[in-house]
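Student:
Protein chains in written order, with this note's numbering: chain A, 187 to 302; chain B, 4 to 117.
#1: Please name the residue in A:288, A:273, A:291 and A:278 whose C-alpha comes closest to that of residue 299 of chain A.
#2: Leaving out five residues on either side along the sequence, give the residues of the same chain with a beta carbon under 7 angstroms from the beta carbon of residue 221 of chain A.
#3: Verify the CB distance criterion: does residue 46 of chain B have a CB-CB separation below 7 angstroms to chain A?
#4: Using three-state DSSP, classify residue 269 of chain A as helix, strand or coil.
#5: Which term fits residue 13 of chain B, buried or exposed, when burial requires 16 or more other beta carbons within 10 angstroms of its beta carbon?
#6: With distances taken between CB atoms, is the gap from residue 45 of chain B to residue 243 of chain A smaller than 7 angstroms?
#7: With a cut-off of 8 angstroms on the beta carbons, I'd call residue 180 of chain A and residue 204 of chain A a contact; round off their distance for me.
#8: For residue 211 of chain A, which residues in chain B fall below 9 angstroms Cβ to Cβ?
#9: Here's the rule I'm using: 16 or more other beta-carbon atoms within 10 Å means buried, otherwise exposed. How should residue 108 of chain B be labelled?
#10: Would you identify the three-state DSSP class for residue 257 of chain A, choosing helix, strand or coil?
#11: Strictly by DSSP, which residues pair up with residue 280 of chain A?
#12: Mind checking residue 289 of chain A: buried by the 16 CB within 10 Å criterion, or exposed?
#13: For residue 386 of chain A, return the contacting residues in chain B, with the cut-off set at a CB-CB distance below 8 angstroms.
#14: Can you tell me which of the three DSSP states residue 247 of chain A falls into?
#15: Can you tell me where the beta strand (DSSP E) with residue 71 of chain B in it begins and where it stops?
#16: Take residue 41 of chain B and list the residues in its own chain whose beta-carbon comes closer than 6 angstroms to its own, dropping the five residues that flank it on each side.
#17: Between the Cα of residue 86 of chain B and the Cα atoms of B:105, B:48 and B:114, which residue gives the shortest distance?
#18: Can you grab the Cα-Cα spacing for the pair residue 190 of chain A / residue 58 of chain B, in whole Å?
#19: Does residue 232 of chain A come out as helix, strand or coil in the three-state DSSP assignment?
#20: Anyone know if the C-beta pair for residue 168 of chain B and residue 9 of chain B falls short of 7 angstroms?
#21: CB-CB under 6 angstroms to residue 15 of chain B, same chain, minus the five flanking residues each way: which ones, in chain order?
#22: How many angstroms separate the CA atom of residue 106 of chain B from the CA atom of residue 246 of chain A?
#23: Is any beta-carbon of chain A found at less than 7 angstroms from that of residue 1 of chain B?
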């Protein structure tokens with residue numbers, strides 16, 4: 187059983203389309219972070235959401251943290267080929283922030299391909 | 004923009020050999036982490052480090068693994084006797100302070116054990 191389930195696992199769309207990817211859990215998280223990872227490289231932080239119900243926007247990307255702090259979504263408007271990559275969600279489980287540890291639990295990711 | 008750096012980018016070693024992976028965290032960060040990612044699998048937590056001691060380690064981080072901050076800038080992961088299953092990407096990450104959730108990752112070291 188995966189602590190953080192990401193869906194879909196693979197997504198292939200045409201340039202200009204909108205898309206949403208999801209990160210779901212049965213556990214509560216203190217925070218969720220979205221990263222983007224290119225092949226053979228490290229995850230690059232896109233955003234951190236901390237408050238239940240929080241919405242953050244980063245240009246064409248909109249991130250939402252669920253009210254119950256168990257899920258998050260990433261919506262991309264008018265996708266471009268440059269958006270192609272692996273999108274990872276990672277969270278600090280509620281209770282794991284004690285002692286300032288903040289270890290991250292990762293999902294498996296959504297591999298997005300945007301075709302020109 | 005400050006970033007986490009890691010060396011080497013790729014390390015090939017024979018089974019049973021010792022390897023040291025090096026990281027330079029962002030300079031004003033106080034919390035340091037090692038994660039690994041086996042090919043095709045998710046990123047997994049190995050160990051967290053603060054105030055010159057391990058604050059938490061996963062079940063993966065057994066007696067073959069150790070971490071050290073030998074000076075004010077480097078953070079190292081040592082594997083004493085490598086196994087084939089240690090082959091993976093190893094990522095270092097760092098974080099500023101007590102209430103800051105954001106972790107910044109380095110580019111990784113690809114470890115190949117033959």
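Glycine is no exception: its CB is placed at the ideal position from the N, C-alpha and C atoms.
Tutor: From the atom records:
#1: Looking up residue 299 of chain A in the first chain gives position 113. Of the candidates A:288, A:273, A:291 and A:278, the residue whose Cα lies closest to the Cα of residue 299 of chain A is A:273.
#2: As a working note, residue 221 of chain A is residue 35 in the first chain. Excluding residues within five positions, the ones whose Cβ falls inside 7 angstroms are 229, 230, 231, 232, 274 and 276.
#3: On the second chain, position 43 is the one that residue 46 of chain B refers to. When Cβ-Cβ separations below 7 angstroms define contact, residue 46 of chain B makes contact with chain A.
#4: The residue given as residue 269 of chain A occupies position 83 in the first chain. The three-state secondary structure of residue 269 of chain A, taken from DSSP, is helix.
#5: Here residue 13 of chain B corresponds to residue number 10 of the second chain, with the count starting at 1. Within a 10 Å sphere around the beta-carbon of residue 13 of chain B sit fewer than 16 other beta-carbons, which makes this residue exposed.
#6: Reading the second chain from its first residue, position 42 is the one you call residue 45 of chain B. Reading the first chain from its first residue, position 57 is the one you call residue 243 of chain A. Not closer than 7 angstroms, so no.
#7: Outside the displayed range of chain A (187 to 302) lies residue 180 of chain A, so it cannot be described from this structure.
#8: As a position in the first chain, residue 211 of chain A is number 25, starting the count at 1. Under the 9 angstroms cutoff, chain B gives no residues; its nearest Cβ is about 13 angstroms from residue 211 of chain A.
#9: On the second chain, residue 108 of chain B is found 105 positions in, with the first residue counted as 1. Classification of residue 108 of chain B: buried, given that the 10 Å Cβ count is 16 or more.
#10: By one-based count along the first chain, residue 257 of chain A stands at place 71. If DSSP states are grouped into helix, strand and coil, residue 257 of chain A belongs with the strands.
#11: Position 94 of the first chain, counted from the start, is the residue given in the question as residue 280 of chain A. For residue 280 of chain A, which the question treats as bridged, DSSP gives no partner whatsoever.
#12: On the first chain, position 103 is the one that residue 289 of chain A refers to. Buried: at least 16 other Cβ atoms inside 10 Å.
#13: The structure shown does not extend to residue 386 of chain A, since chain A spans only 187 to 302, so no value can be given for it.
#14: Locating residue 247 of chain A in the first chain gives position 61, counting from the first residue. Reduced to three states, the DSSP call for residue 247 of chain A is strand.
#15: Here residue 71 of chain B refers to the residue found at position 68 when the second chain is read from its first residue. Counting along the chain, the beta strand (DSSP E) containing residue 71 of chain B begins and ends at 68-71.
#16: For the purposes of this step, residue 41 of chain B is taken as the residue at position 38 of the second chain. Around residue 41 of chain B, the same chain offers 91 as residues with beta carbons nearer than 6 angstroms, after the five sequence neighbours per side are excluded.
#17: On the second chain, position 83 is the one that residue 86 of chain B refers to. Just measuring C-alpha positions, the residue of B:105, B:48 and B:114 sitting nearest residue 86 of chain B is B:114.
#18: Residue mapping note: residue 190 of chain A aligns to position 4 of the first chain, counting from 1. Residue mapping note: residue 58 of chain B aligns to position 55 of the second chain, counting from 1. Whole-angstrom Cα-Cα distance: 23 angstroms.
#19: In the first chain, the residue the question calls residue 232 of chain A occupies position 46. Residue 232 of chain A falls in the strand class under three-state DSSP.
#20: The question about residue 168 of chain B has no answer, for chain B in this structure spans 4 to 117.
#21: Numbered from 1 along the second chain, position 12 holds the residue referred to as residue 15 of chain B. These residues qualify, in order along the chain: 115.
#22: Working through the second chain from its first residue, we reach residue 106 of chain B at position 103. Working through the first chain from its first residue, we reach residue 246 of chain A at position 60. Rounded to the nearest angstrom, the two C-alpha atoms are 23 angstroms apart.
#23: Since the first and last residues shown for chain B are 4 and 117, residue 1 of chain B lies out of range.
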